[in-house]
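For the sequence shown, our numbering assigns the number 695 to the initial residue and increments by one for each residue that follows.
We treat Cβ as the ideally placed atom computed from N, Cα and C, and that holds for glycine.
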Amino acid sequence: MSRKLRVAVGQMTSVKSHKRNLGVVTQLAQRAHALDCRMLFLPEACAFLGLSSSETVANALDLTQSEVVDEFKSICKRFSLWMNFGCHEKSGDAEDSRAYNTQVMMDSEGKIRSCYRKVHLFDVDLGAFQGPILKESGYTREGKELCSAKVDVPGKEEFVIGMTTCYDLRFPEVSVPQPPHFAPNRSAR
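What follows is the structure, given as structure tokens:
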């Protein structure tokens, strides 16, 4: 069994159109497949990024039933790729309109293997210095736990990968090896 696994990291500028973003994702997946990659990592909020936080939240996805998620599944299958992508996910809480900032790990059959909801939200107030006031917590619900995904690409050695997004990298606990009970493979509801 081979220990080597070729992966691709796709960079894109997300816009306020699921269709346009999925077109770019398809192109990135096609390029990754042509380079014999087995995994594609995409950025935070690659599914949709509105011009305002309210527009982004209004277009959050239900991971259990969504045409957009179905298209991600189709792309994984079409190009035989595992894919890690970012989206805003509906919280399912009628009393809290905020969405989760979620990273989804999907296998090459289009099955969601793990979902990570961002734990460390970016809230900063630099108003005293004539700087910006940014409050991700105003439109994003905080995730409750770190998680990982077990990756078992056929013909490759199985491994576990920790999942994070953006500002999480500033916190050391996300990079420290976790004990065996470390929330593996938490899937969508």
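- request: Return the residue from the list Arg700, Phe865, Thr720 that minimises the CA-CA distance to Met706.
  value: Considering only alpha carbons, the answer is Thr720.
Is Phe735 near Val709, with beta carbons less than 8 angstroms apart? Taking 8 angstroms as the Cβ cut-off, Phe735 and Val709 do not qualify as a contacting pair.
Review point. Over what stretch of residues does the beta strand (DSSP E) that includes Arg811 continue unbroken?
Key: Note, Arg811: beta strand (DSSP E), 806-811.
Note to self: Can you give me the C-alpha to C-alpha distance between Lys805 and Lys713, rounded to a whole angstrom?
What the structure shows: Taking the CA atoms as reference points, Lys805 sits about 21 angstroms from Lys713.
Inter-residue spacing [alpha-carbon to alpha-carbon] between Gly722 and Ser802: For the sequence presented, residue 722 should be read as Leu rather than Gly. CA-to-CA, the gap between Leu722 and Ser802 works out to about 15 angstroms.
Note down the Cα distance separating Ala877 from Arg811, rounded to an integer number of angstroms.
With a pLDDT of only 49 at Ala877, under 50, the local geometry of the prediction cannot be trusted, and no value is derived from it.
Delimiting residues of the alpha helix (DSSP H) encompassing Ala885 = The requested residue 885 is not part of the displayed model; the chain covers only 695 to 883.
Cut-off 6 angstroms between Cβ atoms - residues of its own chain near Glu756, not counting five sequence neighbours on either side
Before going further, note that residue 756 is Asp rather than Glu in the sequence given. Counting only Cβ-Cβ distances below 6 angstroms, and skipping sequence neighbours, we find Lys784.
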